[in-house]
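In this note's numbering, the protein residues as written are 90 to 330.
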């Protein structure tokens, strides 16, 4: 009972931090006008150019402003909550303890070595951030809270892309059952190298992104259970009748 209460209090603290990120982002996003001195451009005759005909560089300037206004350090309560998610005490790929890096694309934690491998995949496949040294947006933090190492590992195992195998065993009382064990290092690396480029991984990335968008639209964060109810209702309402 005490553990449940502690988890609820941690979720509430994380929700306040997420709301703070959202509020600061909204208050700092600039309102662009045709007379915006920092991004406006002029034609060769000196006349002002309208917003609809601005150069790509002007659009980039506006986007950079919005991106810069949305970045923060990973909030402390959110980070504490992230650490409590199943499987997050170890790297999702190699099982090393205390991972300090993340793939935002999958909402998982990685060790330093595996984060380098993920960087080599390219940002479209795996977008890597440091939990302590990089800046984070509200949506990225929420993606981490709604992802999790155990969640992705179970997904990969269902698609024969996991680093664990199941084997039959016999209990002391003679009854049969199953046990899981990690396959050896020589078998792990080829699986890890290819699984993030599969259609299954692409599907996971897309579905996680859709889920996070739905949670953000809802507003106040109320934890993973509530978030899944939101996605469940949204999926049901959009399903063909």
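Virtual Cβ for every residue (Gly too), placed ideally from N, Cα, C.
For residue i, which three-state DSSP category applies?
i           : result
residue 174 : coil
residue 301 : helix
residue 245 : helix
residue 199 : strand
residue 93  : helix
residue 192 : strand
residue 152 : The predicted model places residue 152 with a pLDDT of 39, which falls under 50 and marks its position as unreliable, so this point remains unresolved.
Using a Cβ-Cβ cut-off of 8 Å (strictly less than) and excluding sequence neighbours within five positions of residue i, which residues of its own chain qualify?
i           : result
residue 193 : 216, 217, 218, 229, 232, 233
residue 304 : 231, 235, 310, 316, 319, 320
residue 293 : 195, 241, 244
Of all the options the options, which has the alpha carbon lying nearest to the alpha carbon of residue i?
i           : options            : result
residue 286 : 212, 243, 253      : 212
residue 209 : 222, 110, 282      : 282
residue 166 : 252, 214, 310      : 310
residue 203 : 292, 278, 222      : 278
residue 161 : 106, 109, 104, 224 : 224
residue 235 : 280, 190, 173, 207 : 173
residue 227 : 108, 93, 253       : 108
residue 97  : 169, 294, 299, 318 : 169
Who are the Cβ neighbours of residue i in its own chain at under 7 Å, not counting the five residues just before and after it?
i           : result
residue 284 : 245, 250, 290
residue 181 : 197, 198, 199, 238, 241, 242
residue 177 : 171, 198, 237, 238
residue 221 : 189
Looking at the secondary structure, which residues open and close the beta strand (DSSP E) in which residue i lies?
i           : result
residue 212 : Unbroken run through residue 212: none, as it is neither H nor E.
residue 179 : Note, residue 179: premise wrong, no beta strand (DSSP E); not H, not E.
residue 228 : Segment 227-235 is the alpha helix (DSSP H) holding residue 228; no beta strand (DSSP E) there.
residue 217 : 217-219
Per DSSP, what are the beta-bridge partners of residue i in this structure?
i           : result
residue 207 : Residue 207 is not bridged to any residue.
residue 186 : 179
For the ligand FMN, I want to know if residue i counts as a neighbour, meaning its beta carbon is within less than 8 Å of at least one of the ligand's heavy atoms.
i           : result
residue 286 : What this structure holds is no ligand at all, so the ligand FMN is not there to describe.
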